[in-house]
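Working notes, structure below.
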Amino acid sequence: MPASPSPETTRPDRGGGATGQLGRPPLVLVVPAALAAALLVVPLVTLVLATPWGSFVAQLGTRAVRDALRLTVLASLTTVVACLLLGTPLAWLLARVDFPGRSVLRAAVAVPLVLPPVVAGVALTTALGRSGVLGSLLRAATGVTIPYTTTAVVIAHTFVSMPFYVLAVEGALRASGERYDVVAATLGADRWTTFRRVTLPLALPGVLAGAVLAWARSLGEFGATITFAGNFPGTTQTMPSLIYQELQADPEVAKTLSMILLVVSLGVLAALRNRWLTAP
Numbered sequence: 001m002p003a004s005p006s007p008e009t010t011r012p013d014r015g016g017g018a019t020g021q022l023g024r025p026p027l028v029l030v031v032p033a034a035l036a037a038a039l040l041v042v043p044l045v046t047l048v049l050a051t052p053w054g055s056f057v058a059q060l061g062t063r064a065v066r067d068a069l070r071l072t073v074l075a076s077l078t079t080v081v082a083c084l085l086l087g088t089p090l091a092w093l094l095a096r097v098d099f100p101g102r103s104v105l106r107a108a109v110a111v112p113l114v115l116p117p118v119v120a121g122v123a124l125t126t127a128l129g130r131s132g133v134l135g136s137l138l139r140a141a142t143g144v145t146i147p148y149t150t151t152a153v154v155i156a157h158t159f160v161s162m163p164f165y166v167l168a169v170e171g172a173l174r175a176s177g178e179r180y181d182v183v184a185a186t187l188g189a190d191r192w193t194t195f196r197r198v199t200l201p202l203a204l205p206g207v208l209a210g211a212v213l214a215w216a217r218s219l220g221e222f223g224a225t226i227t228f229a230g231n232f233p234g235t236t237q238t239m240p241s242l243i244y245q246e247l248q249a250d251p252e253v254a255k256t257l258s259m260i261l262l263v264v265s266l267g268v269l270a271a272l273r274n275r276w277l278t279a280p
């Protein structure tokens with residue numbers, strides 16, 4: 001009887017070593033890779049080293065920082081709720097219903113991902129501004145104006161964050177397939193019951209990942225917000241807007257505020273480590 005192969009001979013080569021059967025990595029690849037890594041890592045390291053840690057707590061206690069942090073958290077959490085309530089049905093529609101123009105709608109949903117944030121702010125102003133297409137009608141009917149209010153901040157954040165959520169949930173719905181939906185239908189469940197009892201639970205990992213991505217995008221939103229909502233302390237000034245202001249007035253405070261958002265970003269990355277950091 002032939003000897004069975006040892007674990008050492010059957011273990012797949014994962015390419016973890018610098019040397020092996022394939023030889024050393026060529027410098028023509030190593031050098032650009034090192035430069036790319038340095039470009040991504042060095043600025044973050046310098047920010048950590050340059051942060052005035054001695055006055056960190058004191059700067060966090062100022063009213064401007066507290067107000068900006070409060071508004072940022074409020075806007076980002078409200079954005080996530082809006083994505084859950086509005087984005088989930090949209091993702092289901094794109095993944096489960098075949099209708100004319102679906103590909104066009106999917107493309108439109110993805111546009112804010114590549115749209116410059118300032119252009120997004122101009123688009124929102126064109127639609128919802130005092131003289132905008134919808135804003136003028138709203139003001140004539142109710143006397144309410146949206147720009148330069150906290151509501152404008154939430155709308156701007158939702159506009160730029162929604163695509164991250166919708167595409168993540170749509171991907172999860174497509175990955176889960178429709179076979180369980182069909183089984184539920186054969187057992188007499190209507191589409192709403194199937195969505196609540198079958199479809200949504202199967203897509204829950206995508207829902208959670210999309211919610212975290214939308215929340216992180218909302219935390220860092222700047223361009224669309226400052227264009228559509230302005231930069232008024234206590235009303236529309238979020239953390240990124242305050243960082244921009246303090247970078248010109250007091251760079252030390254700007255570094256401290258930037259460090260806060262960096263810590264939050266690292267927390268988001270840790271929450272999604274199984275999705276992004278786990279090697280295949």
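First residue of the sequence shown: 1, per the UniProt record's numbering; consecutive thereafter.
Beta carbons are placed, not taken as given, at the ideal position from N, Cα and C, and that holds for glycine.
Quantities reported herein were computed from a predicted structural model and do not represent experimental measurements.
Any contact between the region 206 to 220 and the region 252 to 266? By contact I mean 3 or more CB pairs, one from each, below 8 Å.
yes
How long is the line joining the alpha carbons of P163 and L208, rounded to whole angstroms?
14 Å
Could you compute how far the alpha carbon of T142 sits from the alpha carbon of I155?
18 Å
So, S176 versus A216, is the Cβ gap smaller than 8 Å?
no
Which class does F195 belong to by DSSP, given the choice of helix, strand or coil?
helix
Leaving out five residues on either side along the sequence, give the residues of the same chain with a beta carbon under 8 Å from the beta carbon of K255.
L47, A50, T51 and P52
How big is the Cα-Cα spacing for L90 and V166?
7 Å
Determine, using beta carbons only, whether G129 and P147 come nearer to each other than 8 Å.
yes
Buried versus exposed, by CB contacts within 10 Å (16 or more), W192
exposed
Write down every uninterrupted run of the alpha helix (DSSP H) in the region 107 to 185 whose length is 4 residues or greater and which is fully enclosed by it, in chain order.
117 to 128, 135 to 142 and 150 to 176
8 Å Cβ cutoff met for L94 and E170
yes
Within 10 angstroms of the Cβ of V80, are there 16 or more other Cβ atoms? Answer buried if so, exposed if not.
buried
Nearest CA to the CA of P233: which residue from T225, T227 and L242?
L242
Would you call the CB atoms of T150 and T225 closer than 8 Å?
no
Please state if the CB of T72 and the CB of M239 are separated by a distance shorter than 8 Å.
yes
How long is the line joining the alpha carbons of R63 and T126, rounded to whole angstroms?
33 Å
For Q21, the three-state DSSP class (helix, strand or coil)
coil
Counted within 10 angstroms of its Cβ, other Cβ atoms place L213 as buried (16 or more) or exposed:
buried
DSSP-derived helix/strand/coil call for D190
coil
Pairwise C-alpha distance: V133 and W92:
29 Å
Using the rule of at least 16 other Cβ atoms within 10 Å of the residue's Cβ for burial, across every protein chain shown, is residue 289 buried or exposed?
Since the displayed the chain opens at 1 and closes at 280, residue 289 lies outside it and no answer follows.
So, at 7 Å on beta carbons, what are the nonlocal neighbours of V144 in its own chain, with the 5 sequence-adjacent residues on each side left out?
L138
At the level of alpha carbons, what is the spacing between E178 and G188?
16 Å
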